[in-house]
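Participant: In terms of the UniProt record's numbering, the sequence shown opens at residue 1 and continues consecutively.
First the structure, then my questions, so here it is.
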Amino acid sequence: MQFKLNYLFLFLALLISSNIVAQKSKRQVLEARRIQLQKDQIYINALLSNTKRKETNVLNELKDIDDKINTREDLIAAIESESNELGNEIYLNQLEINQNKRDLVALKKDYADMIYKSYKSKSQNSRIMFLLSSENFFQGYKRFQYMKQYTAFRKKQGDEIQQKTTELQVLTDSLQVKKNQKKTLLEIKKKEQSVIEKEKKSKENLLTQVKQKENKYKKQIRQFQKEENRINAQIDKLIRDAITASNKKSGNTSKTASTTFALTPEAKELASKFELNKGKLDWPVEKGYVSTFYGKQPHPIVKSTTIQSNGVRITTNDGSKARAVFNGTVLAVQVMSGNKKAVLIQHGNYITVYKNLENVFVTTGDKVTTKQEIGTIFTDKITGKTILSFVLTNNAKTLNPASWIYRM
1 MQFKLNYLFL FLALLISSNI VAQKSKRQVL EARRIQLQKD QIYINALLSN
51 TKRKETNVLN ELKDIDDKIN TREDLIAAIE SESNELGNEI YLNQLEINQN
101 KRDLVALKKD YADMIYKSYK SKSQNSRIMF LLSSENFFQG YKRFQYMKQY
151 TAFRKKQGDE IQQKTTELQV LTDSLQVKKN QKKTLLEIKK KEQSVIEKEK
201 KSKENLLTQV KQKENKYKKQ IRQFQKEENR INAQIDKLIR DAITASNKKS
251 GNTSKTASTT FALTPEAKEL ASKFELNKGK LDWPVEKGYV STFYGKQPHP
301 IVKSTTIQSN GVRITTNDGS KARAVFNGTV LAVQVMSGNK KAVLIQHGNY
351 ITVYKNLENV FVTTGDKVTT KQEIGTIFTD KITGKTILSF VLTNNAKTLN
401 PASWIYRM
């Protein structure tokens, strides 16, 4: 029965230990995520605070506040996840401490019993008498070996007690550290919640102004969307013309000739490498954050209005450069409205588009490499914003860049 109980305690101890290792690994991931979000928040707040506008626009102000709120909400969610994981670790840590305490009590009891029996044995016979009373040399040798083993066993038990005491102290210290970490996280969360409440009040005040002139702002949004659609149509035509040219050059007359690129073996290899890097592609800017995501969505401020984004809009620092996300060939450099430019880079049957550039450093046909700077991003003198529009297509079909760019 005692053996079964010992086996059960050993099994539970191993189970708790393995759970603690797994929990620690998970929390390290959550901690890294929280630290990154804190860095993002500092960057976004600094970027938006340092933006120099010639004119104030309620929609732009609201968008800035909305970006801050969204980042702060992500941070609070990350803090909550990490705090919950710490709570699990604290619980498992406490279980392990309780198990170690039971083990230590059992070890000390066994050691005390052995010392007591040894004391009684010494009172009846000394070690020397025990050896001298041997009937022959062989029996004396056996008794000597027994005494050596007994002494070694006593030392081993003493060492085990010392080791278990040390382990218990380490676990207790670790528990206190985790409790302090959780307390710190909750304090950060409380501070962030206080700030976010103020930001939400500012947002509500600005939203009141928007509602008073909602039709005016809806018109602004529609005009912006109309211009976006016009630029997107230009880009789409460039890609489709390139598809037609590639098929004409290769002599391809199949049904797919009008919708897919005719690829050389080298281009197929490049496309394959591009696909293998899905989710790992570099950002098209050194620093920045996504201020508009891909797809059809309600306008972030005027929710009753829907907008369509063929790619993502990345807000970055004044003077920032656009960078190629992967090796490729410049398919086209297109001048857009307001003398702004777009660069299209071909990666086999994949195209990456970098819009809203002020100056470009490449020309059609140039070979480019990953992270190579291809142009300076335009900074709007009115809003003070520096925004890169980034589009990704497979042939002429747009894809969600967030699925391809690392941690977008």
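Glycine included, every Cβ here is placed at the ideal spot set by N, Cα and C.
Contact defined as beta carbons within less than 8 Å: I believe serine 246 pairs with alanine 262. What is the distance between those atoms, to the nearest angstrom?
Facilitator: Residue numbering aside, residue 246 sits at position 246 when the sequence shown is read from its first letter. Residue numbering aside, residue 262 sits at position 262 when the sequence shown is read from its first letter. Rounded, the Cβ-Cβ distance is 4 Å, consistent with contact.
Participant: Quick one: give me the first and last residue of the beta strand (DSSP E) that phenylalanine 274 is part of.
Facilitator: Counting from one through the sequence shown, the residue named residue 274 turns up at place 274. Segment 265–276 is the alpha helix (DSSP H) holding phenylalanine 274; no beta strand (DSSP E) there.
Participant: Taking three-plus beta-carbon pairs below 8 Å as touching, is the region 338–349 in contact with the region 289–306?
Facilitator: no
Participant: Would you list, in sequence order, the uninterrupted beta strand (DSSP E) runs of no fewer than 3 residues that lie entirely inside the UniProt domain "M23ase beta-sheet core" (309–401)?
Facilitator: 312–316, 321–323, 328–335, 341–347, 350–360, 373–377, 386–394 and 397–399
Participant: How would you write the range of the beta strand (DSSP E) that threonine 292 sits in, first residue to last?
Facilitator: Taking the sequence shown and counting its residues from 1, one reaches residue 292 at position 292. Threonine 292 -> beta strand (DSSP E) spans 289–292.
Participant: Find out if the Cβ-Cβ distance for the pair proline 207, leucine 48 is shorter than 8 Å.
Facilitator: Counting from 1 along the sequence shown, the entry for residue 207 is found at position 207. Counting from 1 along the sequence shown, the entry for residue 48 is found at position 48. The question names proline, but residue 207 in the sequence shown is leucine. Not closer than 8 Å, so no.
Participant: Straight-line CA distance for isoleucine 196 to lysine 367?
Facilitator: Along the sequence shown, read from residue 1 onward, the residue named residue 196 stands at position 196. Along the sequence shown, read from residue 1 onward, the residue named residue 367 stands at position 367. The straight-line gap from Cα to Cα measures roughly 46 Å.
Participant: Could you check the C-alpha separation between valine 330 and leucine 276 for me, to the nearest Å?
Facilitator: Start at 1 with the first residue of the sequence shown, and residue 330 comes out as number 330. Start at 1 with the first residue of the sequence shown, and residue 276 comes out as number 276. Their backbone Cα atoms lie some 21 Å apart in a straight line.
Participant: Going along the chain, which unbroken runs of the beta strand (DSSP E) with 3 or more residues stay wholly within the region 184–219?
Facilitator: none
Participant: Just to confirm my understanding: we take lysine 296, look at its own chain, exclude 5 residues before and 5 after, and list those with CB closer than 7 Å. What are they?
Facilitator: By one-based count along the sequence shown, residue 296 stands at place 296. These residues qualify, in order along the chain: Thr306 and Gln308.
Participant: Rounded to whole angstroms, what's the CA-CA distance from serine 194 to leucine 357? Just pull it up for me.
Facilitator: Within the sequence shown, numbered from 1, the residue matching residue 194 stands at position 194. Within the sequence shown, numbered from 1, the residue matching residue 357 stands at position 357. Roughly 39 Å between the two C-alpha positions.
Participant: Kindly indicate which three-state DSSP category isoleucine 307 falls into: helix, strand or coil?
Facilitator: Within the sequence shown, the letter at position 307 stands for residue 307. Strand.
Participant: Can you tell me where the beta strand (DSSP E) holding glycine 295 begins and where it ends?
Facilitator: Translated into positions along the sequence shown, residue 295 becomes position 295. Unbroken beta strand (DSSP E) run through glycine 295: 295–298.
Participant: Tell me, which residues are paired with leucine 281 by DSSP?
Facilitator: Stepping through the sequence shown from its first residue, residue 281 is reached at position 281. DSSP lists Ile405 as partners of leucine 281.
Participant: According to DSSP, is valine 88 helix, strand or coil?
Facilitator: Position 88 of the sequence shown, counting from 1, holds the residue named residue 88. The amino acid occupying residue 88 in the given sequence is asparagine; valine does not appear at that position. Three-state DSSP puts asparagine 88 in a helix.
Participant: Label glutamine 346 either buried or exposed according to how many other C-beta atoms from any shown protein chain fall within 10 Å of its C-beta, with 16 as the threshold for buried.
Facilitator: Here the question's residue 346 lines up with position 346 in the sequence shown. Under this definition glutamine 346 is a buried residue.
Participant: Looking at leucine 399 and leucine 392, is the spacing between their C-beta atoms short of 8 Å?
Facilitator: One-based indexing of the sequence shown puts residue 392 at position 392. One-based indexing of the sequence shown puts residue 399 at position 399. Yes. Within cutoff.
Participant: Within the same chain, show all residues whose beta-carbon is closer than 8 Å to that of methionine 1, passing over the 5 residues directly before and after it, in chain order.
Facilitator: In the sequence shown, counting from the first residue as 1, residue 1 sits at position 1. Residue placement at methionine 1 is flagged as unreliable, the pLDDT there being 47, under the threshold of 50; a coordinate-derived value is accordingly withheld.
Participant: Check alanine 245 in the structure and name its three-state DSSP category.
Facilitator: Position 245 of the sequence shown, counting from 1, holds the residue named residue 245. In the structure shown, alanine 245 sits in a helix (DSSP, three-state: H, G or I).
Participant: Checking 8 Å against the spacing of the C-beta atoms, do leucine 168 and leucine 104 come in under that value?
Facilitator: Translated into the one-based positions of the sequence shown, residue 168 becomes position 168. Translated into the one-based positions of the sequence shown, residue 104 becomes position 104. In this structure, leucine 104 lies closer than 8 Å to leucine 168 by Cβ.
Participant: Given 8 Å as the limit, is there contact between the region 22–37 and the region 75–85, that is, 3 or more CB pairs closer than that?
Facilitator: Yes, they touch.
Participant: Given a threshold of 16 other Cβ atoms within 10 Å of its Cβ, counted over all protein chains shown, does serine 254 qualify as buried or as exposed?
Facilitator: Taking the sequence shown and counting its residues from 1, one reaches residue 254 at position 254. Label assigned to serine 254: exposed.
Participant: Are lysine 268 and glycine 348 close, meaning C-beta to C-beta below 8 Å?
Facilitator: Locating residue 268 in the sequence shown gives position 268, where the first residue counts as 1. Locating residue 348 in the sequence shown gives position 348, where the first residue counts as 1. Yes, these two residues count as a Cβ contact at 8 Å.
Participant: Please work out which residues of its chain come closer than 8 Å, Cβ to Cβ, to tryptophan 283, disregarding the five sequence neighbours upstream and downstream, and give them in chain order.
Facilitator: Position 283 of the sequence shown, counted from the first residue, corresponds to residue 283. Within the same chain, tryptophan 283 has close Cβ partners Ile314, Arg323, Val325, Ile405, Tyr406 and Met408.
Participant: Please state whether DSSP places phenylalanine 261 in a helix, a strand or coil.
Facilitator: Along the sequence shown, read from residue 1 onward, the residue named residue 261 stands at position 261. DSSP, reduced to helix, strand and coil, places phenylalanine 261 outside both helices and strands of the structure shown, so it counts as coil.
Participant: Which term fits threonine 383, buried or exposed, when burial requires 16 or more other beta carbons within 10 angstroms of its beta carbon?
Facilitator: Position 383 of the sequence shown, counted from the first residue, corresponds to residue 383. Classification of threonine 383: buried, given that the 10 Å Cβ count is 16 or more.
Participant: Rounded to whole angstroms, what's the CA-CA distance from aspartate 241 to aspartate 64? Just pull it up for me.
Facilitator: Position 241 of the sequence shown, counted from the first residue, corresponds to residue 241. Position 64 of the sequence shown, counted from the first residue, corresponds to residue 64. Approximately 38 Å, taken between the alpha carbons.
Participant: Is it the case that the Cβ atoms of lysine 68 and isoleucine 90 are separated by a distance below 8 Å?
Facilitator: Working through the sequence shown from its first residue, we reach residue 68 at position 68. Working through the sequence shown from its first residue, we reach residue 90 at position 90. Going by beta carbons, lysine 68 and isoleucine 90 fall outside the 8 Å limit.
Participant: Between phenylalanine 9 and the rest of its own chain, which residues show a CB-CB distance below 8 Å, the 5 nearest in sequence each way excluded?
Facilitator: Translated into the one-based positions of the sequence shown, residue 9 becomes position 9. Residue placement at phenylalanine 9 is poorly supported in this model, since its pLDDT is 46, which falls under 50; the coordinates still yield a value, given next. These residues qualify, in order along the chain: Gln99, Arg102 and Asp103.
Participant: Tell me the rounded alpha-carbon separation between asparagine 395 and valine 343.
Facilitator: Translated into the one-based positions of the sequence shown, residue 395 becomes position 395. Translated into the one-based positions of the sequence shown, residue 343 becomes position 343. Spanning the two alpha carbons is a distance of roughly 16 Å.
Participant: Could you tell me the distance, in whole angstroms, from the CA atom of glutamine 223 to the CA atom of glutamate 373?
Facilitator: Position 223 of the sequence shown, counting from 1, holds the residue named residue 223. Position 373 of the sequence shown, counting from 1, holds the residue named residue 373. Glutamine 223 and glutamate 373 have their C-alpha atoms roughly 31 Å apart.
Participant: What's the C-alpha gap between isoleucine 188 and glutamate 73?
Facilitator: Numbered from its first residue, the sequence shown carries residue 188 at position 188. Numbered from its first residue, the sequence shown carries residue 73 at position 73. The alpha-carbon atoms of isoleucine 188 and glutamate 73 are separated by roughly 13 Å.
Participant: Using 8 Å as the threshold, is the C-beta distance between residue 414 and glycine 375 below it?
Facilitator: The chain is shown from 1 up to 408; residue 414 falls before or after that span and cannot be answered.
Participant: So is valine 312 buried or exposed if we call it buried at 16+ other beta carbons inside 10 Å?
Facilitator: Reading the sequence shown from its first residue, position 312 is the one you call residue 312. It counts as buried.
Participant: Classify asparagine 310: buried if its beta carbon has 16 or more other beta carbons within 10 angstroms, exposed otherwise.
Facilitator: Numbered from 1 along the sequence shown, position 310 holds the residue referred to as residue 310. Asparagine 310 should be labelled buried.
Participant: Please classify threonine 256: does DSSP put it in a helix, a strand, or coil?
Facilitator: The sequence position of residue 256 within the sequence shown is 256, counting from 1. Reduced to three states, the DSSP call for threonine 256 is helix.
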